[in-house]
Amino acid sequence: MKLYSTQHESADVDLQEAIFRGLPPDNGLYMPYEIPSMPASFFESIHTLSLPEIAKAVCKNLLGDDLTDSEIDGIIDSSMTFEAPVVSLEENVGVLELFHGPSMAFKDFGARFMAAIMSHYLVKAKREIRILVATSGDTGGAVAQGFYNTPGISVTILYPTGKVSDIQEKQLTTLGGNVTALEIDGTFDDCQRLVKQAFLDEELRAAFNLASANSINIARLIPQSFYYFAAYAVLRRQGVTKPVVFSVPSGNFGNLSAGLMAYQMGLPIQAFVAACNANHPVPDYLASGNYNPKPSVETISNAMDVGAPSNFIRMRLLAGDAIEQVRKIVKGYDTSDEKTKEIMLDVYQRTGYVMCPHTAVAYDGLTQYALDNPGEYYGVLLSTAHYAKFLPTVESTLGTKVVVPARLAALLDKQKKSIPMGTDFEGFKKYLLL
Ligand SMILES: *Cc1c(COP(=O)(O)O)cnc(C)c1O
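Residues 2 to 435 in this note's numbering are what the sequence shown lists, from first letter to last.
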């Protein structure tokens with residue numbers, strides 16, 4: 002895979018360099034020159050394939066120049082170890098449950114794949130690295146779990162104080178070992194800015210082999226394309242032949258960009274719904290043609306509280322670049338907190354299904370899409386997190402206690418360990434150089 006920077010000032014790189022650099026020096030994003038289509042034979046037999054089998058086939062298609070078949074098999078076997086079932090919710094609507102991994106959110110897919118591919122390269126080269134990652138909640142838990150006790154790798158996680166749920170915070174702050182959590186007195190955007198700045202800082206670059214684990218890393222994006230194919234395979238297996246619409250609850254737009262990669266590889270998709278909360282610069286861009294990032298505002302779907310989505314340019318390029326092209330495949334909608342709660346309650350009362358606030362935003366996005374686009378299709382809601390990760394919101398909204406998986410319940414009893422820190426770069430840098 003050959004990659005360029007979206008700012009066009011930095012040199013082209015191969016997969017390995019893109020993964021370890023994270024961001025190109027010119028502050029763009031790495032993009033593959035080519036995303037080759039999967040062969041027709043793959044789609045003819047896709048209904049017979051499991052998620053790991055699909056992942057291996059897609060990886061060989063994308064990364065065949067960088068890794069041997071047996072290296073790819075090893076990376077997939079060690080990282081794609083959990084299911085992504087499609088649960089039927091109501092007529093022509095299914096929920097793609099992406100929360101069956103160790104941190105119970107979809108970011109496990111990206112984090113585990115990235116850990117596996119990085120450790121593959123590090124073991125080969127006998128190198129050590131320091132991972133810096135900003136999280137609005139779920140990234141940190143997934144990265145902490147994905148990299149926990151990986152030799153040669155230390156992980157520093159930045160999270161906004163008071164803006165992640167109890168369970169999310171415990172996931173970030175209780176592992177110990179090679180994982181350190183910095184509790185930043187600011188917003189997610191502050192955390193993200195500190196990390197971006199660290200990567201551009203000469204002194205820090207000289208002191209460490211810094212690597213990123215945010216959704217800006219191409220190694221996070223690639224594995225997220227797998228489950229779009231896998232969901233399609235499940236639907237074909239279930240006899241669904243209608244066109245498919247994916248509703249993607251979006252913040253930084255990594256997940257939706259990965260879906261567009263699957264689309265570029267030939268997966269037949271009618272549309273993607275960019276389902277957003279009160280942070281909706283992308284739906285605004287689709288409506289007006291102008292992209293205006295904004296400071297983030299707090300919502301109950303807090304993993305999507307992003308005012309300046311870091312993958313915006315990737316999404317735009319993968320969707321065809323020109324606004325008319327992007328509008329053909331990506332449909333943007335936004336949803337208020339009030340509406341999100343209404344949906345969580347309504348779905349629960351009608352079907353018994355408990356969904357997290359992010360999934361409810363996806364539900365509302367699909368409902369709005371259906372009003373604008375009558376016709377026959379099957380809607381797939383990407384369920385990005387287990388509801389129990391947002392327990393206070395879920396229980397107060399549904400007016401009832403819900404079942405908490407034992408794995409999450411045990412976490413709440415553990416002791417939090419974090420290092421408090423302000424939002425100024427110099428303080429953060431001083432800490433890193435200690
Ligand atoms: C990260 C996250 C999102 C947003 O995904 P992006 O790839 O940043 O758009 C949505 N829901 C949950 C639960 C998340 O953790």
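Here a beta-carbon is modelled for each residue, glycine too, at the ideal position from N, C-alpha and C.
Using a Cβ-Cβ cutoff of less than 7 Å, which residues in the same chain neighbour S337 once the five nearest sequence positions on both sides are dropped? Stepping through the sequence shown from its first residue, residue 337 is reached at position 336. Cβ neighbours of S337 beyond the five flanking positions: A279.
At the level of alpha carbons, what is the spacing between Q172 and K125? Residue 172 sits at position 171 when you count from the first residue of the sequence shown. Residue 125 sits at position 124 when you count from the first residue of the sequence shown. Answer to the nearest angstrom: the Cα atoms are 30 Å apart.
Does L4 come out as helix, strand or coil in the three-state DSSP assignment? Counting from 1 along the sequence shown, the entry for residue 4 is found at position 3. If DSSP states are grouped into helix, strand and coil, L4 belongs with the strands.
Inter-stretch contact (C-beta, 8 Å, three-pair minimum) for the stretch 238-254 and the stretch 30-41: no
Return the residue from the list S89, P358, A85 and E377 that minimises the CA-CA distance to P250. Here residue 250 corresponds to residue number 249 of the sequence shown, with the count starting at 1. If we check each option's Cα against that of P250, P358 comes out closest.
Span of the beta strand (DSSP E) holding R131? Numbered from its first residue, the sequence shown carries residue 131 at position 130. That run of the beta strand (DSSP E) goes I130 to A135.
Determine the DSSP secondary structure at V88, reduced to helix, strand or coil. Counting from 1 along the sequence shown, the entry for residue 88 is found at position 87. Three-state result, V88: strand.
Determine the direct distance from the alpha carbon of S226 to that of A263, and round the result to whole angstroms. On the sequence shown, position 262 is the one that residue 263 refers to. On the sequence shown, position 225 is the one that residue 226 refers to. Annotation: A263 to S226 spans about 5 Å, alpha carbon to alpha carbon.
Please report how far the alpha carbon of V405 lies from the alpha carbon of G321, in whole angstroms. If you number the sequence shown from 1, residue 405 lands on position 404. If you number the sequence shown from 1, residue 321 lands on position 320. If you take the alpha carbons of V405 and G321, they lie about 42 Å apart.
Please say whether P161 and G187 have beta carbons closer to each other than 7 Å? Translated into positions along the sequence shown, residue 187 becomes position 186. Translated into positions along the sequence shown, residue 161 becomes position 160. The answer is yes: Cβ separation under 7 Å.
If I'm right that V134 touches V165 with Cβ under 8 Å, what's the distance once you round it to whole angstroms? Here residue 134 refers to the residue found at position 133 when the sequence shown is read from its first residue. Here residue 165 refers to the residue found at position 164 when the sequence shown is read from its first residue. About 13 Å separates the two Cβ atoms, so there is no contact after all.
How close, in whole Å, do the beta carbons of H387 and M105 come, if the pair is a contact with beta carbons under 8 Å? Position 386 of the sequence shown, counting from 1, holds the residue named residue 387. Position 104 of the sequence shown, counting from 1, holds the residue named residue 105. Right, the Cβ-Cβ distance comes to about 4 Å (below 8 Å), so this counts as a contact.
A212: which of I132, I314, P269 and G138 sits nearest, CA to CA? Locating residue 212 in the sequence shown gives position 211, counting from the first residue. Taking only the C-alpha atoms, the option nearest A212 is I132.
Tell me which same chain residues have a C-beta within less than 6 Å of the C-beta of T181, skipping the five on either side of it? To locate residue 181, count along the sequence shown from 1; it is residue 180. Within the same chain, T181 has close Cβ partners T157.
Alpha-carbon to alpha-carbon, V362 and R368: Position 367 of the sequence shown, counted from the first residue, corresponds to residue 368. Position 361 of the sequence shown, counted from the first residue, corresponds to residue 362. The amino acid occupying residue 368 in the given sequence is Thr; Arg does not appear at that position. Approximately 10 Å, taken between the alpha carbons.
Between the Cα of I301 and those of T398, D373 and N218, spot the shortest distance and give me the residue it belongs to. Within the sequence shown, the letter at position 300 stands for residue 301. Nearest C-alpha to I301: T398.
Looking at G255 and ligand 1, is the gap between the Cβ and the nearest heavy atom below 6 Å? Against the sequence shown, residue 255 aligns to sequence position 254. Indeed, a heavy atom of ligand 1 lies less than 6 Å from the Cβ.
Where DSSP assigns a beta bridge to K332, which residues make up the other side? Here residue 332 refers to the residue found at position 331 when the sequence shown is read from its first residue. V274.
Of all the beta strand (DSSP E) runs that stay within the bounds of the stretch 205-268, which reach a length of 3 or more residues? 211-213 and 245-250
Contact belief for K61 with D67 at Cβ below 8 Å, rounded distance in angstroms: Locating residue 61 in the sequence shown gives position 60, counting from the first residue. Locating residue 67 in the sequence shown gives position 66, counting from the first residue. K61 to D67, Cβ: 11 Å. No contact.
One or two residues paired with L383 in a DSSP bridge: The residue labelled residue 383 in the question sits at position 382 within the sequence shown. L383 pairs with L97.
Alpha carbon to alpha carbon, how far is H281 from Q271? Position 280 of the sequence shown, counting from 1, holds the residue named residue 281. Position 270 of the sequence shown, counting from 1, holds the residue named residue 271. Answer to the nearest angstrom: the Cα atoms are 22 Å apart.
For L392, which residues in the same chain have their Cβ closer than 8 Å to its Cβ, ignoring the five residues on either side in sequence? Residue numbering aside, residue 392 sits at position 391 when the sequence shown is read from its first letter. Non-local beta-carbon contacts of L392 in its own chain, meaning distances under 8 Å to residues more than five positions away in sequence, involve S166, D167, I168, V403 and V405 in chain order.
Say yes only if the C-beta of P250 is nearer than 6 Å to one or more non-hydrogen atoms of ligand 1, and no if none qualify. The sequence position of residue 250 within the sequence shown is 249, counting from 1. The answer is yes for P250.
Taking the CB atoms as reference points, tell me whether A56 and I77 lie closer together than 7 Å. Here residue 56 refers to the residue found at position 55 of the sequence shown. Here residue 77 refers to the residue found at position 76 of the sequence shown. Judged by their CB atoms, A56 and I77 are nearer to each other than the 7 Å cut-off.
Inter-residue spacing [alpha-carbon to alpha-carbon] between A275 and N210: Here residue 275 is taken as the residue at index 274 of the sequence shown, counted from 1. Here residue 210 is taken as the residue at index 209 of the sequence shown, counted from 1. Their backbone Cα atoms lie some 35 Å apart in a straight line.
Residues near K417 in its chain [Cβ-Cβ closer than 7 Å; skip 5 each side]: The residue labelled residue 417 in the question sits at position 416 within the sequence shown. If we look at K417 and ignore the five residues flanking it on each side, its Cβ neighbours are E170, K171, T174 and T175.
Close beta carbons around R237, own chain, < 7 Å, minus the five adjacent residues each side: For the purposes of this step, residue 237 is taken as the residue at position 236 of the sequence shown. The answer, listed in chain order, is I47 and H48.
Under three-state DSSP, which class holds V404? Start at 1 with the first residue of the sequence shown, and residue 404 comes out as number 403. Of the three classes helix, strand and coil, the one that applies to V404 here is coil, per DSSP.
Under the DSSP definition of a beta bridge, which residues are partnered with M32? Locating residue 32 in the sequence shown gives position 31, counting from the first residue. Beta-bridge pairing links M32 to Y5.
Using DSSP with H/G/I as helix, E/B as strand and the rest coil, what is I154? Sequence index remark: in the sequence shown, residue 154 carries index 153 (1-based). Looking at I154 - three-state DSSP - the assignment turns out to be strand.
CA nearest to the CA of L50, picked from G178, A234, P310 and G147: Start at 1 with the first residue of the sequence shown, and residue 50 comes out as number 49. Residue A234 is the option with its Cα nearest to L50.
Hey, K295 and G308: beta-carbon distance below 7 Å or not? Locating residue 295 in the sequence shown gives position 294, counting from the first residue. Locating residue 308 in the sequence shown gives position 307, counting from the first residue. Yes; because the gap between Cβ atoms is below 7 Å, this pair is in contact.
V59 (DSSP reduced to helix, strand or coil): Numbered from 1 along the sequence shown, position 58 holds the residue referred to as residue 59. The answer is helix: DSSP assigns V59 an H, G or I state.
Give a single yes or no on whether M305 has its beta carbon closer than 6 Å to a heavy atom of ligand 1. As a first step, residue 305 is located in the sequence shown; it is residue number 304 there, counting from the start. Indeed, a heavy atom of ligand 1 lies less than 6 Å from the Cβ.
V180 in three-state terms, based on DSSP: For the purposes of this step, residue 180 is taken as the residue at position 179 of the sequence shown. DSSP places V180 in strand when its eight states are reduced to three.
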